[in-house]
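Residue numbers (this note's numbering): 15 to 363.
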């Protein structure tokens, strides 16, 4: 099999050729057709996440050993299965749920793998989809996405389920309540599409790059704003009825200050983005404002199945998706790091 791996932190991906794995136990082998190229892989390739305050989360210190095949949005054809995998749809195309847990804890038993304390996600701890084959630990992680464009389906496994899980932490609410989406990249556009798919109407989108606002409005945003403006927080807070909720798809100190600072009393701020930063909070004003600050990390297998059904129904409008070759993934990661990608890029294997 061919893969493109991280062999040195912060360096371009390197081509590797190795024996195609044979599935054991409950494992399933998928021949990859497409794999989304996600911004999270920019941080993983660099070897760390910025925790703010000069602190870093180093991948190598958390059990991630090189070489690593990233790619956590694989979609492809099931071609083989281990002897304990049971009834497996050999020959069928399937979307892969990548947020695999340890398989032994209470969270995993409840199919809340994304809350497992010992996750072994595909493309992070397990070999991922920047390859022509990927091993999936169990057939339960295969999701039927038939009826959905196969170049769009892969991003549902990360952008889709992540934003669905995040926006649902603000719902249900009146569809005319103002919700802010911070970041107009692939996640931000998907978050807008998710809100619109569920009937929400008043959506404000902020970004540092006004060139992305056309795509945000096309996705369904009703208001856009430049997060670099000194009065961005005040303007957001002044929206009619105030700001009910904010989903931060950047996760920087600046966006956190805007998203939390603009909330009306009783509002909710949900942080998803992993750019890195800090949010200083007064415990007194947090209580007095009755605000909620919550993190949201990817999503569950059940949530992904719900996302697929929404997409299949036609309610979820596709965001801009372009394709690249597998050997171009490293260049796409460079473009993502530079902030020059509109929408999402999917590698065609």
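The beta-carbon is built from N, C-alpha and C at its ideal position, and this holds for glycine as well.
(message) Do residue 142 and residue 224 have their beta-carbon atoms positioned less than 8 Å apart in this structure?
(response) no
(request) Could you work out which residue in 233, 74, 213 is closest to residue 23 when comparing CA atoms only? (result) 74
(request) Mind checking who residue 17 pairs with in its DSSP beta bridge? (result) 30, 145
(message) Check for me: the alpha helix (DSSP H) holding residue 178 runs from which residue to which?
(response) 173-181
(request) Please report how far the alpha carbon of residue 90 lies from the alpha carbon of residue 274, in whole angstroms. (result) 40 Å
(request) Going by CA-CA distance only, name the one from 51, 35, 115, 96 that's closest to residue 342. (result) 51
(request) Measure the C-alpha to C-alpha separation of residue 144 and residue 17 and round it to an integer number of angstroms. (result) 6 Å
(request) Alpha carbon to alpha carbon, how far is residue 253 from residue 284? Give it in angstroms, no decimals. (result) 19 Å
(request) Determine the burial state of residue 160: buried for a count of at least 16 other Cβ atoms within 10 Å of its Cβ, exposed for fewer. (result) exposed
(message) Below 8 Å, how does it come out for the stretch 215-234 and the stretch 295-305: are there three or more Cβ pairs, yes or no?
(response) no
(message) Please report the straight-line C-alpha distance between residue 33 and residue 54, rounded to a whole angstrom.
(response) 28 Å
(message) By the three-class DSSP mapping on this structure, what secondary structure does residue 309 have?
(response) strand
(request) Only counting runs of 4 or more residues, tell me where the alpha helix (DSSP H) segments fall wholly within the stretch 240-294, in order along the chain. (result) 246-251, 267-275
(message) So, at 6 Å on beta carbons, what are the nonlocal neighbours of residue 336 in its own chain, with the 5 sequence-adjacent residues on each side left out?
(response) 359
(request) Spatial neighbours of residue 289 within its chain, please: CB distance less than 6 Å, with the 5 preceding and 5 following residues excluded, ordered by chain position. (result) 264, 265, 266
(request) Over the uninterrupted beta strand (DSSP E) stretch that includes residue 217, give me the two end residues. (result) 217-221
(request) Measure the CB-CB distance between residue 195 and residue 207 and report whether it falls below 8 Å. (result) no
(request) Pick helix, strand or coil for residue 121, following the three-state DSSP scheme. (result) helix
(request) For residue 146, I'd like the list of residues in its chain whose CB is within less than 6 Å of its CB, leaving aside the five on either flank, ordered along the chain. (result) 15, 16, 46, 363
(message) For residue 167 and residue 276, what's the separation of their Cα atoms in angstroms?
(response) 34 Å
(request) Scan the stretch 73-110 and note each continuous beta strand (DSSP E) run of 3 residues or more that stays entirely inside, going in chain order. (result) 88-95, 107-110
(message) For the pair the stretch 176-193 and the stretch 310-327, tell me if three or more CB-CB distances fall below 8 Å.
(response) yes
(request) Drop a sphere of 10 angstroms on the beta-carbon of residue 186, count the other beta-carbons inside from all chains shown, and report buried for 16 or more, exposed for fewer. (result) exposed
(request) Would you mind stating whether residue 30 and residue 112 have Cβ atoms separated by less than 8 Å? (result) no
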